[in-house]
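Chains as they are written, first to last, in our numbering: chain A, 3 to 492; chain B, 3 to 492. We put the CB at the ideal spot given by N, CA and C, even for glycine. Keep in mind that this is a model prediction, so the values were computed, not measured.
As structure tokens, then:
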């Protein structure tokens, strides 16, 4: 992979100087086009590769040549406690740039898997799982318009040794050389083997392999790649025709899980009171157990307007220690959230280990309101089934317990509840024109919900459709499901 | 303070029920008015006081009665690592609500000072300093339109014992009673004495003292306070006349520190190269020392357009370990930032212990562009001198090393640099119409800058005005100042 590369010669100082002027100008113009385009997107540079091959220098140069106000450099060191207490990719998600902005990531998500595999004796299986996670992450970003530019900076063994010696002799660059680096040179061949595997397998986004020994041309190559790729992607987006929207029709098996629910199920007052007290007591002690075991719990509530989400959440939260949980209501995204990947705002809300987060509506908005209203294109919502499964898989792999409830209320019962709301002064505000509009799309919603229950239902994070025409019955069902799951998992 | 309170009787169930309907309706209407008003502001509830006096119950009820989508509950437990590695008030600042939103804080910033003083034997002096910090925090929020509603929930000793027994017997509430609480009852009288001091001294915002024994009336009292205070503040803001802007004139002593600078100072190439290399090497090893000692460093760069801030920052950052520093360029605030207290976005950027943060422009925008352009009212910028001094005082008290540089360029030299920028293709973008407009206000800027250098210049976080007509001279001056300061402080 690197053999031809090592024979490439660097350009001379004079040629470098002659080309820099034009390239800097083009860089600035490209960055401005990116920021100002209506079809703007985020750009992530990844600099991985051999220590001493010029990753830091390249980052410095780009910061120098472009408008640094819209760029952020991220050098990921040992994770902090808040980072360790969340899934590994949380910190990378937190840092993703928004449309028109650029982030420069040093080593990023490539460094740890390689070190673990080559040096710390992690198994091939673990290395493979790391690769799967990287691919899922990059795929989700790329499929939603983030341009990822990945550079692998290479040096042959002799040049690496020379370079490390040079760097460590200079007071200003010696920090770039850690004691580990000398050790790693001893493992040079193993690192190269591991790197080749990583480069070949992490192919959701193509790599540009750079000869780090060529101090002049390596910088121009990175800059030219940015100019070319950004303009190309902008041309495509700006010239794309507005996609035709297809009519709402089943995307999955079409299996009518909602129709199978017996909405007539109900529960009377006294039995409800007894069960509620019992389940809340169980829930409280299980939540304490989860806290002791430092497991986080994520509860997702979805359902039509007036299905009783708020009431269910209240019965749960009353049984929890106020210091250990948060309820997150999801409204329409802010401008800043809209300028990011749609999962960004949910990643930002992932609880610390040992805490409980209750989502009143969630990332499933992508597959519900965004699909119905056309806020997501057909391609976007179609790929979102996988993206959301990957997202929940990441949480689950970290040890989160995820439960998802769909509260299903009948069309007539919803009408009664709307009418009731209109008559109670302190509930009137809960009813908006949008609720009536959503009601008009009732049948479409049943189709898209069935798709969600079909395609985002897995053994480890299943959906629980709950018959909710009787509020008391629904609350007890939810609590029982939750208590049983926690008993099983803890 | 509490004697009369203990004799107040609770209202009966029937009366409570009769009043709740009207109060819930008014609560919702008030919250909607708050959200929709053009003069909207943030609201913070603080619930402090005796354990068992109903803080949690009141928070539950408010979440129930109002629209929870615009409310957030914060129960501050043991600080996480990321919180401990920053000034104490960082986590409170991070959580302040934006205009139209409400946060409910349990115990908040009152719990730790009281415990430390009564139980952990902290000195009176420490307790006093804690009180000063609380007052500064609340004053800064209040003066910039945040409505803080503070409730002290009281119980007499016998009622507290009864209440703790009752809570601990119920499976759902037993978590509210920690083993500490029983210990604390033994110190009841000491806690009351400390509480009275805290209530009396933390008087930037008035308290409402609530008899926690009255389970019905305590809820209504809290709700009524919110309704009354929010509407009162909205009435005031909505009816206020637009303030007249006064002409730009010295607000401080009028001392012309900028005029005293000898802008002709310069430095030649070879000497510059030598000094630069030497200072960068020093800076690198000092930055490593700061990292080992886990001291954070904050560098603030301000100066007219084209004064050379970027060039200075580059000479510094090149001498730092890329994993240990961030450069933060401050542009115009986003919509979300504008809806928060102006210091919020800077608090969010405070570095972890052991890290370096370089601000290219900063919170001084409040006293520069916002004063000049009238984005801040006269009252707002006038109080900002103190607020900014308090802010930097908090950072310094935590152990941050703060250096502030003003790069002063002459009016003619600025003109030359503007003209030069126009001719270099990859620098043209740096020059905007705004730069020319700012130049037209040159004399006004000299006045407001001198005010900043006068009123925000303290021994522990002094301003360093730097003569910058010669870029090389300025860079060496900045580096020397920084190196000397670090040598001294570390």
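Through-space distance from residue j to residue i, alpha-carbon basis
| i | j | result |
| --- | --- | --- |
| residue 331(A) | residue 251(B) | 48 Å |
| residue 246(A) | residue 365(A) | 24 Å |
| residue 294(A) | residue 287(A) | 11 Å |
| residue 218(A) | residue 127(A) | 39 Å |
| residue 106(B) | residue 44(B) | 11 Å |
| residue 90(B) | residue 320(B) | 31 Å |
| residue 112(A) | residue 37(B) | 45 Å |
| residue 474(B) | residue 274(B) | 7 Å |
| residue 360(B) | residue 281(B) | 18 Å |
| residue 101(A) | residue 40(A) | 10 Å |
| residue 160(B) | residue 188(B) | 11 Å |
| residue 410(B) | residue 340(B) | 29 Å |
| residue 62(B) | residue 79(B) | 18 Å |
| residue 337(B) | residue 140(B) | 23 Å |
| residue 309(B) | residue 375(B) | 20 Å |
| residue 492(A) | residue 301(A) | 16 Å |
| residue 249(B) | residue 85(B) | 43 Å |
Beta carbon proximity, residue i to chain B, threshold 8 Å
| i | result |
| --- | --- |
| residue 316(A) | yes |
| residue 30(A) | yes |
| residue 428(A) | yes |
| residue 463(A) | no |
| residue 100(A) | no |
| residue 37(A) | no |
| residue 307(A) | no |
Contact with chain C by residue i, beta-carbon distance below 8 Å
| i | result |
| --- | --- |
| residue 329(A) | No chain C appears in this structure, whose protein chains are A and B. |
CA nearest to the CA of residue i, picked from the options
| i | options | result |
| --- | --- | --- |
| residue 110(A) | 120(A), 119(A) and 81(A) | 81(A) |
| residue 372(B) | 447(B), 27(B), 53(B) and 396(B) | 447(B) |
| residue 1(B) | 146(B), 351(B) and 123(B) | Outside the shown range of chain B (3 to 492) lies residue 1(B), about which nothing can therefore be said. |
| residue 151(B) | 133(B), 207(B) and 185(B) | 207(B) |
| residue 11(B) | 53(B), 129(B) and 212(B) | 212(B) |
| residue 166(B) | 464(B), 99(B), 55(B) and 74(B) | 55(B) |
| residue 231(A) | 220(A), 243(A), 209(A) and 291(A) | 209(A) |
| residue 120(A) | 194(A), 144(A) and 425(A) | 194(A) |
| residue 377(A) | 240(A), 312(A) and 335(A) | 335(A) |
| residue 131(A) | 20(A), 53(A), 203(A) and 240(A) | 203(A) |
| residue 156(A) | 4(A), 284(A), 97(A) and 257(A) | 4(A) |
Sub-8 Å separation of residue i and residue j beta-carbons
| i | j | result |
| --- | --- | --- |
| residue 478(A) | residue 278(A) | yes |
| residue 435(B) | residue 307(B) | no |
| residue 192(B) | residue 316(A) | no |
| residue 29(B) | residue 225(B) | yes |
| residue 214(B) | residue 296(B) | no |
| residue 383(A) | residue 368(A) | yes |
| residue 148(A) | residue 238(A) | no |
| residue 108(A) | residue 57(A) | yes |
| residue 326(B) | residue 298(B) | no |
| residue 370(A) | residue 480(A) | no |
| residue 221(B) | residue 60(B) | yes |
| residue 496(B) | residue 390(B) | This structure cannot settle anything about residue 496(B), because the visible part of chain B is limited to 3 through 492. |
| residue 99(A) | residue 74(A) | yes |
| residue 467(B) | residue 431(B) | no |
| residue 32(A) | residue 233(A) | yes |
Residue-level contact to chain A via CB, residue i, 8 Å cutoff
| i | result |
| --- | --- |
| residue 138(B) | no |
| residue 337(B) | yes |
| residue 50(B) | no |
| residue 26(B) | yes |
| residue 182(B) | no |
| residue 221(B) | no |
| residue 423(B) | no |
| residue 378(B) | no |
| residue 296(B) | no |
| residue 503(B) | In the structure displayed, chain B extends from 3 to 492; residue 503(B) sits before or after that span and is not available. |
Which runs of the alpha helix (DSSP H) at least 4 residues long sit entirely within the stretch 298–344 of chain A? Give them in chain order. You should have 311–319 and 337–340.
Extract the residue ranges of the alpha helix (DSSP H) inside the stretch 233–275 of chain B, only unbroken runs of 4 or more that lie entirely within it. Fully enclosed alpha helix (DSSP H) runs of 4 or longer: 259–262.
Which parts of the stretch 361–448 of chain B are runs of the alpha helix (DSSP H), unbroken and 4 residues or longer, counting only runs that do not cross its ends? Runs found: 371–375, 380–400, 413–425 and 435–442.
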